[in-house]
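As structure tokens, the structure follows; a few thoughts come after it.
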């Protein structure tokens, strides 16, 4: 089972999987950045965890030796799923819905699209609180076998206040960003501090 990551983590589906893991074993779970902490080391009694990195709460699994990491670049994941080199029988997604515009992939549009196109079963958790976003029509092109409706806040990465050193670094970096530039921001207190330093 490949699970959507970050703010698109389908928490309800993950909780249901954990609750039923003994009945479903043996089962391999591919995780990306997990913010929820639903999957814990003790769940490795019946679940085998894989990822492309020990990101977010997935680190807890790696720290206890319960995570196999594929040593690949993130950009290679769509091709690896497409070619079946990372196997995937089922995909769990979180989707957003709008009355006029229909469904969207909400907070993420990544390698899971390729995994879903190859999977035998695709389950979408349609979350009324997930943000509807333009996804280039990717949601319309997906076959969804089962829908589960939920209403809960999407998973969020907790932030912490940058310290003085991080603010100083951010101030130096922000000077190089021209007005109107497009930037990519990573995860953590320094990227947060850079955004703060950019102001308006």
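Residue numbers (this note's numbering): 232 to 431.
Glycine residues also receive a C-beta, built at the ideal position from the N, C-alpha and C atoms.
(message) Can you give me the C-alpha to C-alpha distance between residue 409 and residue 394, rounded to a whole angstrom?
(response) Spanning the two alpha carbons is a distance of roughly 24 Å.
(request) Mind listing, in chain order, the continuous alpha helix (DSSP H) runs of no fewer than 4 residues lying wholly within the stretch 331–359? (result) If we require 4 residues or more, the alpha helix (DSSP H) runs fully inside the stretch 331–359 come out as 343–349.
(message) For residue 379, list the residues DSSP reports as bridge partners.
(response) DSSP lists 356 as the bridge partner or partners of residue 379.
(message) Comparing C-alpha positions only, which one of 317, 307, 397 sits nearest to residue 260?
(response) For residue 260, the nearest C-alpha among the options comes from 317.
(message) Looking at the secondary structure, which residues open and close the beta strand (DSSP E) in which residue 278 lies?
(response) For residue 278, the enclosing beta strand (DSSP E) stretches over residues 278–282.
(request) Count the other CB atoms, across all protein chains shown, that sit within 10 Å of the CB of residue 287; report buried if there are 16 or more and exposed otherwise. (result) Within 10 angstroms of the beta-carbon of residue 287 lie 16 or more other beta-carbons, which makes it buried.
(message) Within a Cβ cutoff of 8 Å, which residues of the same chain sit near residue 321, ignoring the five residues on either side of it in sequence?
(response) The answer, listed in chain order, is 232, 233, 350, 351, 352, 353, 354.
(request) Tell me, please, whether the stretch 368–384 touches the stretch 418–429 by the rule of three or more beta-carbon pairs shorter than 8 Å. (result) In the pairwise beta carbon analysis, the stretch 368–384 is classified as not touching the stretch 418–429: fewer than three pairs are separated by under 8 Å.
(request) Pull up the distance between the alpha-carbon of residue 339 and that of residue 279, whole angstroms please. (result) So the two alpha carbons sit approximately 24 Å from each other.
(request) Please look up how many angstroms separate the CB atoms of residue 297 and residue 257, rounded, as I've assumed it's under 8 Å. (result) Not really, about 14 Å apart at Cβ, beyond 8 Å.
(message) Buried or exposed for residue 449, going by 16 or more other Cβ atoms inside 10 Å?
(response) The requested residue 449 is not part of the displayed model; the chain covers only 232 to 431.
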